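Peer 1: One structure coming up, written as structure tokens, with questions to follow.
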Amino acid sequence: MLVVVDTRSRFAFLNGGEVLNLPMLYLQGFVLFPEATLTLRVIQPRFLATVDKAINHVDAPCMIGVVHVYRHINDGLHSVASIGTTAEIHQVRQSGDGTSNVSTRGQQRFRLRRSWIDADEVPWGEVQIIEEDTPSRTPRNAFVQLAANTGMCYFSNEDEDLMRELSWQNHDCINEFDASVNKTNMGDDDDLRFAERQRQYRAACNSKMALEAPLSFWPRWAYKMYDSYSLARRAADLWRQIVANPSMDDHVRKPDLLSFCIGSKLPISGSARQELLEIDGISYRLQREIQLLKAFNLMRCRNCLVLIARRSDMVVISNGCPVGAYVKPFDGAQEMITVYNASGLALYGNPSEVHSWFPGYTWTIALCAACESNIGWLFSAAKKNLVPKSFWGIRSSQILDDTQSAQDRSSM
Numbered sequence: 001m002l003v004v005v006d007t008r009s010r011f012a013f014l015n016g017g018e019v020l021n022l023p024m025l026y027l028q029g030f031v032l033f034p035e036a037t038l039t040l041r042v043i044q045p046r047f048l049a050t051v052d053k054a055i056n057h058v059d060a061p062c063m064i065g066v067v068h069v070y071r072h073i074n075d076g077l078h079s080v081a082s083i084g085t086t087a088e089i090h091q092v093r094q095s096g097d098g099t100s101n102v103s104t105r106g107q108q109r110f111r112l113r114r115s116w117i118d119a120d121e122v123p124w125g126e127v128q129i130i131e132e133d134t135p136s137r138t139p140r141n142a143f144v145q146l147a148a149n150t151g152m153c154y155f156s157n158e159d160e161d162l163m164r165e166l167s168w169q170n171h172d173c174i175n176e177f178d179a180s181v182n183k184t185n186m187g188d189d190d191d192l193r194f195a196e197r198q199r200q201y202r203a204a205c206n207s208k209m210a211l212e213a214p215l216s217f218w219p220r221w222a223y224k225m226y227d228s229y230s231l232a233r234r235a236a237d238l239w240r241q242i243v244a245n246p247s248m249d250d251h252v253r254k255p256d257l258l259s260f261c262i263g264s265k266l267p268i269s270g271s272a273r274q275e276l277l278e279i280d281g282i283s284y285r286l287q288r289e290i291q292l293l294k295a296f297n298l299m300r301c302r303n304c305l306v307l308i309a310r311r312s313d314m315v316v317i318s319n320g321c322p323v324g325a326y327v328k329p330f331d332g333a334q335e336m337i338t339v340y341n342a343s344g345l346a347l348y349g350n351p352s353e354v355h356s357w358f359p360g361y362t363w364t365i366a367l368c369a370a371c372e373s374n375i376g377w378l379f380s381a382a383k384k385n386l387v388p389k390s391f392w393g394i395r396s397s398q399i400l401d402d403t404q405s406a407q408d409r410s411s412m
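Heads up: the sequence shown begins at 1 in full-length UniProt numbering, then just goes up one per residue.
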């Protein structure tokens, strides 16, 4: 017997600074961002009660708070993050065996002010909604054109209309045109013509920028450091070069959503992801994500720092991204990075198809060969027609990446 409860269209965004009480989910190894999806398989009675109270909550129906829980390396104790994300419960699928699959979507960041457990053993928290800033843009009157840009005379009226639309920010016009050309399905006969248009457009934009004079104290490069739209374009370009899938180009005009989308999908450790969630300010978050994209290369065991995998080993298996959240057999979610090659791991136990996240693949537990901590799983194809034949799933909560400093590692 399967009962589906659709709870959508019952949610409203809350004002920044608003304080309210919410049922809470404390998840180890997973950080929820606004706009990201989270699906849970709920089995334990107290978690079922948490979902039920969230759906029927009078003040905020169908809303639940999600907070990351992390374990310290030195003493093994667990700590609860102070910043979390509200989640809207979209759908609850109740099975005849008493379990429920709960589909949620992240909405707004909050600060956890205090927490408690009620008489039904349901965790609650008093949260304060964080007011997000608006994307910053270089002022239009910060620079003035010194002379007419003759480079534009090469283009037809149709081309000028296209460039005017693409040049929604003058100092990013070159990158915008590149993105437009890359996304256009061109035949071989059109390649030379588009290449020539691109060359002329680059020359025109460079000429225009060279003939601009600042009307303020700050030079252009200083504005670009905090221009949310310029940073969004840079972050999307880096993502395309380093991670590739999924494409971030559609989010460039919404830097706030882009910063959350990249933060939720970067192949980094859970502590680094929580750091991104806690950053206030769109431009500051994008700056940090650009740093992480430039620096990310190696994944190491969180406990002993043995090399596990490299950035070049990542492979897309599902959801169009090498990073994904997968439902655990018991009430939680597991954030995992998929790679086709890994080192320093030892297999434990026999292959199994029970609760496999990837149909047709068996899983085997993978331990760090040096310290024997649980790093993830080896997935092997049980059917001949599956590609790839095998790959590794690395738990984000069990790795450190080379984007973290020694201070970050010692504080975990």
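Here a beta-carbon is modelled for each residue, glycine too, at the ideal position from N, C-alpha and C.
Only a predicted model underlies this, so the values are computations on that prediction, with no experimental measurement involved.
To which residues of the same chain is glycine 16 closer than 6 Å at the C-beta, ignoring the five residues directly before and after it?
Peer 2: Excluding sequence neighbours, glycine 16 sits near Ile129, Glu131.
Peer 1: Considering only residues of the same chain and omitting the five flanking positions on each side of glycine 393, which have a CB-CB separation below 7 Å?
Peer 2: Within the same chain, glycine 393 has close Cβ partners Met336, Thr338, Gly376, Trp377, Phe379.
Peer 1: To the nearest whole angstrom, what separates the beta carbons of alanine 381 and lysine 389, a pair I think is in contact under 8 Å?
Peer 2: So it is a contact: roughly 5 Å between Cβ atoms.
Peer 1: Give me the DSSP bridge partner(s) of proline 255.
Peer 2: Beta-bridge pairing links proline 255 to no other residue.
Peer 1: Could you tell me the distance, in whole angstroms, from the CA atom of alanine 366 to the CA atom of glutamate 353?
Peer 2: Roughly 15 Å between the two C-alpha positions.
Peer 1: Are the CB atoms of asparagine 21 and glutamate 126 within a distance shorter than 7 Å?
Peer 2: Contact: yes.
Peer 1: What is the residue span of the alpha helix (DSSP H) that serine 230 lies within?
Peer 2: Note, serine 230: alpha helix (DSSP H), 228–242.
Peer 1: Using 8 Å for Cβ pairs, my map puts leucine 293 next to isoleucine 242. What's the rounded Cβ distance?
Peer 2: Their Cβ separation, rounded to whole angstroms, is 5 Å, which keeps leucine 293 and isoleucine 242 in contact under 8 Å.
Peer 1: In its own chain, which residues sit with a C-beta less than 7 Å from the C-beta of valine 122, not counting the 5 before and 5 after it?
Peer 2: Excluding sequence neighbours, valine 122 sits near Pro23, Arg46, Ala49, Thr50, Lys53.
Peer 1: Any idea if valine 19 is buried or exposed, counting beta-carbon neighbours within 10 angstroms, 16 or more meaning buried?
Peer 2: Looking at its Cβ environment, which holds fewer than 16 other Cβ atoms inside 10 Å, valine 19 is exposed.
Peer 1: Please name the residue, chosen from Glu372, Ala370, Leu305, Gly349, that lies closest to tryptophan 363 on a Cα-to-Cα basis.
Peer 2: Residue Gly349 is the option with its Cα nearest to tryptophan 363.
Peer 1: In terms of residues, what are the limits of the alpha helix (DSSP H) holding valine 51?
Peer 2: Here the alpha helix (DSSP H) through valine 51 covers 45–55.
Peer 1: Rounded to the nearest angstrom, how far is the Cβ of glutamate 35 from that of glycine 106, given a contact under 8 Å?
Peer 2: So it is a contact: roughly 6 Å between Cβ atoms.
Peer 1: Please look up how many angstroms separate the CB atoms of valine 306 and glycine 344, rounded, as I've assumed it's under 8 Å.
Peer 2: The pair is a contact, with the Cβ atoms about 4 Å apart (cut-off 8 Å).
Peer 1: Which term fits methionine 314, buried or exposed, when burial requires 16 or more other beta carbons within 10 angstroms of its beta carbon?
Peer 2: Methionine 314 should be labelled buried.
Peer 1: Rounded to whole angstroms, what is the Cα-Cα separation between isoleucine 308 and valine 316?
Peer 2: If I take the Cα positions, the gap works out to 18 Å.
Peer 1: Closest by CA to glutamate 275, which one among Cys301, Pro359, Arg109, Ser136?
Peer 2: Of the candidates Cys301, Pro359, Arg109, Ser136, the one whose C-alpha sits nearest the C-alpha of glutamate 275 is Arg109.
Peer 1: As a quick exercise: from Asp401, Ile43, Val31, pick the residue whose alpha carbon is nearest that of tyrosine 70.
Peer 2: Closest by alpha carbon: Val31.
Peer 1: Can you look up glutamate 70 in the DSSP assignment and give me helix, strand or coil?
Peer 2: Looking at the sequence shown, residue 70 is not glutamate but tyrosine. Three-state DSSP puts tyrosine 70 in a strand.
Peer 1: Just to confirm the assignment: which complete beta strand (DSSP E) runs, minimum length 3, are found wholly within the UniProt domain "CULT" (296–403)?
Peer 2: You should have 298–301, 307–310, 323–327, 333–339, 345–352, 361–368, 374–381, 390–395, 399–401.
Peer 1: In the DSSP assignment, what are the bridge partners of alanine 81?
Peer 2: DSSP output for alanine 81 lists no bridge partner at all.
Peer 1: I'd like the span of the alpha helix (DSSP H) that includes glycine 17, first residue to last.
Peer 2: No alpha helix (DSSP H) contains glycine 17, which DSSP labels as neither H nor E.
Peer 1: Since I believe leucine 40 is in contact with glycine 84 (beta carbons under 8 Å), could you give me their beta-carbon distance rounded to a whole number of angstroms?
Peer 2: No, glycine 84 and leucine 40 are not in contact; Cβ-Cβ is about 15 Å, not under 8 Å.
Peer 1: Alpha helix (DSSP H) containing serine 271: first to last residue?
Peer 2: Segment 270–278, the alpha helix (DSSP H) holding serine 271.
Peer 1: Give me the Cα-Cα distance between glycine 360 and proline 351, rounded to the nearest whole angstrom.
Peer 2: Between glycine 360 and proline 351, the C-alpha separation is close to 12 Å.
Peer 1: Please go through the same chain and pick out, in chain order, the residues whose beta-carbon is closer than 8 Å to the beta-carbon of alanine 369, but skip the five residues on each side of it.
Peer 2: Here the set comprises Val306, Gly344, Leu345, Ala346.
Peer 1: Give me whichever residues DSSP pairs with valine 42 in a beta bridge.
Peer 2: BP columns for valine 42 point to Ser100.
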